[in-house]
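What follows is a single structure, written as structure tokens, with notes after it.
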Amino acid sequence: MARLLVAGCGYVGSELARRAVLEGHEVFGLRRSEGPLPPGVTRIRADLARPETVPSLPEVDWLLIALGADGRTEAAYRAAYVAAPAVLHAALPAKPQREVVISSAGVFGRDDGGDVFADTRPAPATATGALLLEAEDAALRRGAAVLRLAGIYGPGRVGLLRRVLDGSAWTGRLTSWSNLVHRDDAAALALHLLAHPAPPPVVHGADDDPVPRRVLLEALSELLGCVVPDLPPQIPAPSDGKRVRNRSLHDLGYPLLHPSWRAGYRAVLEQHPELAPSATQEP
Ligand SMILES: NC(=O)c1ccc[n+]([C@@H]2O[C@H](COP(=O)([O-])OP(=O)(O)OC[C@H]3O[C@@H](n4cnc5c(N)ncnc54)[C@H](OP(=O)(O)O)[C@@H]3O)[C@@H](O)[C@H]2O)c1
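For the sequence shown, this note's numbering assigns the number 632 to the initial residue and increments by one for each residue that follows.
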């Protein structure tokens, strides 16, 4: 059994920590706030933006970095993805045997509807994308594996379902690809990588079912029992965004728990009965 430090014990980090405890690992969860941690996780309270708040850290075998930025600004991205991991590593008593760093498919600048694979070199089109790539490159130089996640959904992350219900989701580029991953796959795949004897440098955490945004919104509308707005009947092939390909996770032998968002969102809805059609429709 391993000693594991989860730096950034938030939505994904906490689910990974919960799973690791169940597997019998000794788990430390680092976060800034007094927010909840799963049972059996030893809390480390530290703000990695303020090195003076970082206590002495345990020596661990495995390290997961799942820090989230406080906003979509350059300053927030630099603080969370570039500066904080450096502060963390400076404070660790020894280099962990295995490190996994969560990144985002937002690192890609590609916006022509084409495919991106784990070995596609990103060409960020934004300053925040460039900072993600800087963080990925630093992680790879340390020998860490980078897990690039698609858009995360799951229990408690139902903002898109709420926007479909109130009609506000039907804005923006409906011809863009949506790439999704259930929180449980994001967490279980990260744990799979930590336990892997020789993980590849970069893996894409996305399901098997990239989907045009319009098709996604129509399917979620049907699931929620709400009306689809009147739109031109033809669905053009996506011509913007990118399609995140997940061959790298299949090559690892990782079995997706939710291969498609279609069944994945149905499972989420069962955990959120307040959003189900019977709960939201007028009698
Ligand atoms: N959301 C998406 O759709 C999406 C898509 C692709 C990739 N990702 C990436 O996936 C990763 C995990 O996302 P998530 O949804 O699990 O994020 P999250 O719920 O916001 O959790 C982030 C965690 O980082 C901690 N944290 C942030 N700054 C810190 C600091 N300076 N010192 C110590 N702890 C700090 C937070 O602690 P407190 O809560 O205690 O403040 C929180 O526990 C992020 O890197 C995110 O960019 C997300």
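From the three backbone atoms N, C-alpha and C, an ideal C-beta is built for every residue, glycine too.
| Query | Result |
| --- | --- |
| At least 3 beta-carbon pairs within less than 8 Å: the region 802-813 vs the region 842-852 | yes |
| VAL795 (DSSP reduced to helix, strand or coil) | helix |
| Residue from ALA736, GLU901, ARG634 and ARG773 with nearest C-alpha to PRO689 | ARG634 |
| Within 8 Å, strictly: CB atoms of VAL834 and LEU883 | yes |
| Distance cut-off 7 Å: LEU820 Cβ against heavy atoms of ligand 1 | no |
| Rounded Cβ spacing between VAL732 and VAL875 (contact assumed at less than 8 Å) | Not quite, the Cβ-Cβ distance comes to about 17 Å (not below 8 Å), so this is no contact. |
| Alpha helix (DSSP H) runs wholly inside the region 711-755, at least 4 long, in chain order | 715-722 |
| Span of the alpha helix (DSSP H) around TYR708 | 705-708 |
| Check: VAL643 C-beta below 7 Å from any heavy atom of ligand 1 | yes |
| First and last residue of the uninterrupted beta strand (DSSP E) at TYR784 | 782-784 |
| Euclidean distance between Cα positions of GLU853 and GLY782 | 21 Å |
| ARG793 versus LEU668: straight-line alpha-carbon distance, rounded | 26 Å |
| Near ligand 1: LEU888 beta-carbon under 7 Å from a heavy atom | no |
| ALA680 beta carbon near ligand 1 (any heavy atom closer than 7 Å) | yes |
| Contact belief for LEU824 with LEU778 at Cβ below 8 Å, rounded distance in angstroms | 6 Å |
| Opposing strand residues paired with HIS835 [DSSP bridges] | ARG779 |
| Heavy atom of ligand 1 within 7 Å of ALA715 beta-carbon | yes |
| Selected residue, minimal CA-CA separation from GLY803, among ASP871, HIS903, LEU762 and GLY856 | ASP871 |
| From ARG752, VAL637, ALA910 and GLY790, residue whose alpha carbon lies closest to that of GLU657 | VAL637 |
| LEU764 CB to nearest heavy atom of ligand 1 below 7 Å | no |
| Opening and closing residue of the alpha helix (DSSP H) in which TRP693 lies | Note, TRP693: premise wrong, no alpha helix (DSSP H); beta strand (DSSP E) at 693-696. |
| Contacting residues, own chain, Cβ-Cβ under 6 Å from LEU694 (five flanking each side not counted) | LEU636, PRO727 and GLU730 |
| Cβ separation of LEU820 and LEU880, assumed to be a contact under 8 Å, to the nearest whole Å | 6 Å |
| C-beta atoms of ASN877 and ALA837 nearer than 8 Å | yes |
| Alpha-carbon spacing of LEU822 relative to ALA749, whole angstroms | 18 Å |
| Check whether LEU851 and TYR896 have beta carbons under 8 Å apart | yes |
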